[in-house]
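In our numbering, the protein residues as written are 2 to 361.
The beta carbon of each residue, even a glycine, is placed where N, CA and C say it ideally should be.
Okay, structure first, notes after.
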Ligand code: NAD
Ligand code: IPM
Ligand code: MN
């Protein structure tokens with residue numbers, strides 16, 4: 002089959018990690034007889050520099066004309082001083098909104114060979130770590146009205162409608178049915194009105210899924226539970242802001258933020274696939290970034306947008322294999338381990354895909 006993929010490399014390490022993901026996808030295409038046609042478009046700082054706006058209409062049109070979108074990362078110090086509407090991050094928020102991507106799945110899994118890279122004591126991860134943050138992506142304080150008073154006071158309006166909570170809650174419960182059958186809804190209902198709407202709505206939706214266990218945590222406790230006993234979680238259902246923060250926390254339990262992929266989905270098959278990390282300006286252009294989060298994001302693309310489960314499994318298995326063989330970028334390496342560059346890691350994963358016949 003032929004698939005059209007919009008490629009939004011973005012800024013910082015974005016171009017480096019996306020190149021490695023494409024390298025691996027091309028091996029998948031060869032091995033399984035598919036054709037992936039890439040259409041590049043600009044977003045973030047790269048788009049500001051070229052077109053004066055972080056999200057040109059042409060980029061939206063390209064994404065809408067494709068079967069899926071791969072995004073690297075946006076942002077960097079060069080653009081930090083720009084007004085809010087002109088920041089690279091606004092381009093990312095804009096594309097999520099334009100494409101109607103209201104659910105962001107962020108699976109965090111501790112791969113056995115990386116147990117040493119986990120900063121928690123071994124007894125804390127005795128039950129392992131295999132959770133997915135189901136983050137609402139087009140609402141919350143991110144998209145509420147913003148303004149500054151004359152005296153300099155800043156305002157960000159936080160809101161959630163019942164309909165917005167319902168649609169993400171259904172996704173989380175359905176996902177739990179495919180997993181361990183457990184949803185933890187995270188909010189701040191002891192303080193925030195939006196969170197009270199969130200909790201009441203989730204409680205109502207939960208009645209339609211009597212086979213799924215559900216519990217409710219305040220976000221401060223959830224942040225603590227994640228490091229105390231991360232094995233207790235299966236699906237974490239939460240809002241845009243809390244999901245952003247908790248997923249970075251969950252990522253470091255897996256060894257590094259460079260490991261965590263994500264899928265941003267809406268009502269259609271058109272999804273956007275991006276690592277959860279940012280543009281990492283401190284290591285950009287140095288061939289030091291870990292491309293695994295991006296590679297695993299494209300595995301999610303194969304599964305969710307294209308329905309290619311065997312291909313997605315193969316890509317994920319190839320990542321497992323290179324980790325088992327001891328391939329490490331700097332972020333997941335122990336002090337005495339040999340460190341691979343970003344492109345070496347991409348080469349290693351691509352070679353494993355080539356070698357699929359040897360896989361069990
Ligand atoms: P960051 O995720 O870019 O970096 C945080 C730390 O993690 C840095 O030390 C970085 O080197 C490291 N890191 C991140 N990805 C890595 C990888 N693949 N391999 C190895 N190490 C990695 O977060 P930040 O520094 O807070 O933000 C930098 C810029 O990125 C900001 O402009 C921010 O707005 C933007 N950002 C963009 C996205 C996105 O595009 N989805 C996400 C988060 C932050
Ligand atoms: C992420 C990022 C973005 C977010 C920023 C860059 C807008 O942190 O994708 O996690 O907060 O959603
Ligand atoms: Mn984030």
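* How should residue 332 be labelled, buried or exposed, when 16 other C-beta atoms within 10 angstroms of its C-beta is the threshold for buried? -> In the chain shown, residue 332 corresponds to position 331, counting from 1. With 16 or more Cβ atoms within 10 Å of its Cβ, residue 332 is classed as buried.
* Proximity to residue 315 [Cα-Cα], best of 203, 38 and 299 -> Here residue 315 is taken as the residue at index 314 of the chain shown, counted from 1. Here the closest residue by C-alpha is 299.
* Asked: Would the beta-carbon of residue 249 be found less than 8 angstroms away from any heavy atom of the ligand MN?
  -> For the purposes of this step, residue 249 is taken as the residue at position 248 of the chain shown. For the ligand MN, at least one heavy atom lies less than 8 angstroms from the Cβ of residue 249.
* Asked: Is any heavy atom of the ligand IPM found at a distance shorter than 8 angstroms from the C-beta of residue 277?
  -> What you label residue 277 is simply residue 276 of the chain shown in a count that begins at 1. Checking the Cβ of residue 277 against the ligand IPM gives yes.
* CB-CB under 6 angstroms to residue 361, same chain, minus the five flanking residues each way: which ones, in chain order? -> Indexing the chain shown from 1 puts residue 361 at position 360. Because the pLDDT of residue 361 is 49, which lies under 50, any placement of that residue in the model is unreliable, and the number read from its coordinates should be weighed accordingly. For residue 361, where only same-chain residues beyond five positions count, there are no Cβ hits under 6 angstroms.
* Grab the span of the alpha helix (DSSP H) containing residue 8 for me, first residue to last. => As a working note, residue 8 is residue 7 in the chain shown. No alpha helix (DSSP H) holds residue 8; the beta strand (DSSP E) holding it covers 3-11.
* Asked: Quick one, are the C-beta atoms of residue 74 and residue 59 less than 9 angstroms apart?
  -> Numbered from 1 along the chain shown, position 73 holds the residue referred to as residue 74. Numbered from 1 along the chain shown, position 58 holds the residue referred to as residue 59. Result no, Cβ atoms of residue 74 and residue 59 do not sit closer than 9 angstroms.
* Asked: Which partner residues does residue 185 have in the DSSP bridge list?
  -> By 1-based counting over the chain shown, the position of residue 185 is 184. Paired residue(s): 216 and 237.
* By Cβ distance, which residues of its chain are closer than 8 angstroms to residue 254, with the 5 residues on each side in sequence left out? -> Translated into positions along the chain shown, residue 254 becomes position 253. Closer than 8 angstroms at the Cβ level, and outside the excluded window around residue 254, lie 109, 111, 119, 120, 121, 126, 130, 227, 228 and 231.
* Rounded separation between residue 136 and residue 153 - CA only -> Position 135 of the chain shown, counted from the first residue, corresponds to residue 136. Position 152 of the chain shown, counted from the first residue, corresponds to residue 153. Distance between the alpha carbons of residue 136 and residue 153: 31 angstroms.
* Inspect the beta-carbon positions of residue 328 and residue 290 and report whether they are closer than 9 angstroms. => In the chain shown, the residue the question calls residue 328 occupies position 327. In the chain shown, the residue the question calls residue 290 occupies position 289. No, the pair does not count as a contact, with Cβ atoms beyond the cut-off.
* Any non-hydrogen atom of the ligand NAP within 8 angstroms of residue 330 CB -> Only the ligand NAD, the ligand IPM and the ligand MN can be found as ligands here, which leaves the ligand NAP out of the picture.
* Asked: Is it right to say residue 105 is buried, meaning 16 or more other beta carbons lie within 10 angstroms of its own, or is it exposed?
  -> For the purposes of this step, residue 105 is identified with residue 104 of the chain shown, where counting begins at 1. It is buried - the Cβ of residue 105 has at least 16 other Cβ atoms within 10 Å.
* To do: Check the C-beta distance from residue 161 over to residue 206 and give it rounded, since I have them as a contact under 8 angstroms.
  => Here residue 161 refers to the residue found at position 160 when the chain shown is read from its first residue. Here residue 206 refers to the residue found at position 205 when the chain shown is read from its first residue. In fact, because the Cβ distance is near 13 angstroms, the residues do not count as touching under 8 angstroms.
* **Proximity winner among 5, 91 and 12, relative to residue 30 (alpha-carbon distances)** => Translated into positions along the chain shown, residue 30 becomes position 29. Selected option, being the one with the closest Cα: 5.
* If you follow the alpha helix (DSSP H) that residue 168 is part of, which residue opens it and which one closes it? -> As a first step, residue 168 must be located in the chain shown, where it is residue number 167. Counting along the chain, the alpha helix (DSSP H) containing residue 168 begins and ends at 163-179.
* In angstroms, rounded to a whole number, what distance separates the CA positions of residue 78 and residue 339? -> By one-based count along the chain shown, residue 78 stands at place 77. By one-based count along the chain shown, residue 339 stands at place 338. The straight-line gap from Cα to Cα measures roughly 30 angstroms.
* Can you tell me the Cα-Cα spacing of residue 318 and residue 148, whole angstroms? -> Indexing the chain shown from 1 puts residue 318 at position 317. Indexing the chain shown from 1 puts residue 148 at position 147. Cα to Cα, residue 318 sits roughly 48 angstroms from residue 148.
* Under three-state DSSP, which class holds residue 87? -> By 1-based counting over the chain shown, the position of residue 87 is 86. Here residue 87 sits in helix by DSSP.
* Per DSSP, cross-strand counterpart(s) of residue 224 -> For the purposes of this step, residue 224 is taken as residue 223 along the chain shown, with counting starting at 1. Residue pairing by DSSP places residue 224 in no beta bridge whatsoever.
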